[in-house]
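Worksheet: the structure to be examined is printed underneath.
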Amino acid sequence: MITNKVMKKRTKPLILKKYKALLPRLHPNFPRLADVRHEDNKSKKGYEGELEVDYHLEPLSREYTILQDVCLQVQGKTFQMHNLVITQQAINIVDVKNYNGTIIFDTPLDQFTRDDGAVETGFSHPITQVQLQKSNLQQWLLERNFPNIPINYFIAISDPSTIIKVEGDKEKIAEVSGTEQIFLKKLSM
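Quick note on my numbering: the sequence shown kicks off at 3 and runs consecutively.
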């Protein structure tokens with residue numbers, strides 16, 4: 003058995019390198035400085051969440067092949083997946099979300115929001131996003147004449163202090179879990 007099969011390791015995103023170079027050069031009175039700082043912080047938080055999930059996926063690399071930060075093209079459009087865990091039975095997409103506060107899945111409305119205690123914000127629905135990734139990956143495999151391979155998906159909430167609430171059918175968000183729960187879901191991989 004081969005150990006440590008993390009075939010493609012995550013690297014620091016180019017956007018973070020750009021922000022690191024840009025921010026010290028911006029004048030303190032630059033009118034969009036707050037916007038640039040906000041986007042930098044949001045990118046950092048996302049990357050930190052991905053690293054947290056990478057840490058928890060690492061033990062799975064003893065049994066499975068892991069690809070991090072995978073970008074592919076289908077019909078001229080690029081799509082990105084945070085992690086692919088490849089087993090003998092299936093390909094598993096592990097998408098990472100790093101939210102603080104309380105996240106709410108409203109299944110009747112197919113709506114996803116976060117309440118950080120100060121403001122409630124709506125976001126793109128994580129399940130819809132990962133279902134699109136699955137569809138794109140299926141198409142990419144089909145275009146390359148790969149056999150029909152089962153594809154599963156999980157959404158890992160990287161911050162263990164995040165509270166997950168569901169309004170409606172809890173079964174509809176069965177693919178969502180805290181990072182540590184990936185090991186329990188491993189049984190279905």
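Backbone N, C-alpha and C define an ideal beta-carbon position, used for all residues, glycine too.
Predicted, not measured: the structure shown is a model, and the values here were computed from it.
A Cβ-Cβ separation of about 11 Å leaves Gly48 out of contact with Asp161 under the 8 Å criterion.
For Asn138, the CB contacts under 6 Å within the same chain, skipping 5 residues up- and downstream, are Val76 and Phe81 in chain order. Taking a contact as a CB-CB distance under 8 Å, the pair Val72 and Lys10 counts as one, their CB atoms being some 7 Å apart. The alpha carbon of Asp56 has as its nearest neighbour, out of Asn100, Arg116 and Asp112, the alpha carbon of Asn100. Between the region 161-172 and the region 94-114 there are three or more C-beta pairs closer than 8 Å, enough to call the two in contact.
Under a 10 Å Cβ-count criterion, Asp112 is classified as exposed, with fewer than 16 other Cβ atoms of the shown protein chains found around its own Cβ.
Secondary structure within the region 93-127: the beta strand (DSSP E) runs of 3 or more consecutive residues, fully enclosed, are 93-99, 104-108, 113-117 and 122-125 (chain order). Of Lys7, Gln90, His29 and Leu74, the smallest CA-CA separation from Arg64 is found for Lys7. Distance from the CA of Lys79 to the CA of Ala92, rounded to the nearest whole angstrom, comes to 24 Å. Residue state for Asp37 is assigned as helix, using DSSP reduced to three classes. In the structure shown, Tyr155 adopts extended strand secondary structure according to DSSP, grouped into three states. Assignment of alpha helix (DSSP H) within the region 20-95, counting only whole runs of 4 or more residues, yields 35-59 in chain order. Here Lys10 carries a strand assignment [DSSP, helix/strand/coil]. Nearest Cα to Gln131 within the set Ala120, Glu177 and Pro15: Glu177. In the three-state scheme derived from DSSP, where H, G and I count as helix and E and B as strand, Glu173 is classed as helix. With respect to Leu53, Asn85 sits apart: the two C-beta atoms are not nearer than 9 Å.
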